[in-house]
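Chemist: Structure below; questions to follow.
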Ligand code: PSU
Ligand code: MN
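In my numbering, the protein residues as written are 4 to 310.
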């Protein structure tokens, strides 16, 4: 057994699965408290856990509760995070020391979910979208800590690409510089979250959970410390009209600039505005792509355990 971090609580079911070499999939909590409205956030989070179980893996939703790093939550804890919403502090790497020292609750981003998953011995993590290089970053320097985490923490992140609230071209350049493999699942094109197409190519197309697991296993066995980004396009039937979603994104970005939104508030502001401007359509797409990523992550985690 790996020596557990003294600030970490791994749920018994998760700890047992990790110790026995059975598949586990980590899930983030910022998507619950800041990424979707209540009650759809809680319903989605619980359904995602069910999908992971149905695909033969154990779900480990990650958050910080009362200053404890948690890998694996109860349904009651998930409900609390969803009901409290933005009242739970969005917690990235630099927030951890104060949140833990003060015994606060924190919603984990891709960054902190990767960190805690790795501490708990979990190799695969499913989410919706990652943070990246924001549009206008050449003047704001707003680059998500998620990219730095992908550069230094060996966890596979299965996402639906990134929203074009970001500069997708610069995000890919950054990941290339940092040595992070960007894989398209059954595609050579980076998916743009709500749509299957961004116009940007990815490094490699891999076509099965077994191929994903093989690449990740090689990366780990060579001692490479980077994460791996798997981008899984939203299923065709749930994808949105590109013009509709891009118009909403452009409007949200203009509003953020007018209102002087900056720092860690930017991404939650843009996500909320895009959802409001597109009615329920974008929320439905968002939920569906998370389900799709959960299934692929569970299948890949199962392949990783098969030797
Ligand atoms: N992008 C999405 N949905 C999300 C997020 C980003 O499409 O829910 C959340 C994730 O938790 C991600 C975080 O890690 O926002 C990135 O925030 P920032 O850009 O402030 O680093
Ligand atoms: Mn930022």
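Using N, Cα and C, we set each Cβ at its ideal position, and we do this for glycine too. Keep in mind it's a predicted model, so treat the numbers as computed, not measured.
How big is the Cα-Cα spacing for residue 22 and residue 212?
Modeler: Distance between residue 22 and residue 212, taken at the CA atoms: about 22 angstroms.
Chemist: Note the first and the last residue of the continuous beta strand (DSSP E) segment covering residue 110.
Modeler: Residues 109-111.
Chemist: So, under 8 angstroms CB-CB, residue 146 and residue 136 are touching, yes? Tell me the CB distance rounded to an integer number of Å.
Modeler: 5 angstroms
Chemist: Considering only their Cβ atoms, is the gap separating residue 164 from residue 234 smaller than 8 angstroms?
Modeler: The answer is yes: Cβ separation under 8 angstroms.
Chemist: Give the single residue among 170, 203, 184, 280 whose Cα lies nearest to the Cα of residue 138.
Modeler: Ranking 170, 203, 184, 280 by Cα distance to residue 138 puts 170 first.
Chemist: With a cut-off of 8 angstroms, do at least 3 Cβ pairs link the stretch 110-124 to the stretch 56-67?
Modeler: yes
Chemist: If residue 123 sits next to residue 30, beta carbons under 8 angstroms apart, how far is it from one beta carbon to the other, in whole angstroms?
Modeler: With a Cβ gap of about 12 angstroms, residue 123 and residue 30 do not count as contacting.
Chemist: Answer with buried or exposed for residue 101, where buried requires no fewer than 16 other C-beta atoms within 10 angstroms of its C-beta.
Modeler: exposed
Chemist: Tell me residue 204's beta-bridge partners as DSSP assigns them.
Modeler: 192
Chemist: Consult DSSP for residue 9 and reduce its assignment to one of helix, strand or coil.
Modeler: coil
Chemist: Could you tell me how far apart the beta carbons of residue 28 and residue 300 are, in whole angstroms, since I believe they sit closer than 8 angstroms?
Modeler: The C-beta distance from residue 28 to residue 300 rounds to 5 angstroms, short enough to fall under 8 angstroms.
Chemist: Which residue marks the beginning of the beta strand (DSSP E) containing residue 67, and which one marks its end?
Modeler: 61-68
Chemist: Between the beta-carbon of residue 294 and the beta-carbon of residue 50, is there less than 8 angstroms?
Modeler: yes
Chemist: Where does residue 278 land, buried or exposed, given buried means 16+ other C-beta within 10 angstroms?
Modeler: That one is buried.
Chemist: With H, G and I counted as helix, E and B as strand and the rest as coil, what does DSSP make of residue 117?
Modeler: helix
Chemist: Mind checking whether residue 204 and residue 153 have CB atoms under 8 angstroms apart?
Modeler: No. Outside cutoff.
Chemist: Within the same chain, show all residues whose beta-carbon is closer than 7 angstroms to that of residue 209, passing over the 5 residues directly before and after it, in chain order.
Modeler: 186, 188, 215, 218
Chemist: Strictly by DSSP, which residues pair up with residue 164?
Modeler: 195
Chemist: Helix, strand or coil: which one does DSSP assign to residue 183?
Modeler: coil
Chemist: Along the chain, which unbroken stretches of the alpha helix (DSSP H) at least 4 residues long are found entirely within the stretch 240-285?
Modeler: Correct list: 245-261, 269-280.
Chemist: Is residue 114 near the ligand MN, judged by its Cβ being under 7 angstroms from some heavy atom?
Modeler: No.
Chemist: Could you name the residues of the same chain whose beta carbon sits closer than 6 angstroms to that of residue 14, not counting the 5 residues immediately before and after it, in chain order?
Modeler: 75
Chemist: To the nearest angstrom, how far is it from the Cα of residue 226 to the Cα of residue 247?
Modeler: 44 angstroms
Chemist: Would you report the Cα separation of residue 238 and residue 199, rounded to the nearest angstrom?
Modeler: In this model, residue 238 and residue 199 are separated by some 8 angstroms (Cα to Cα).
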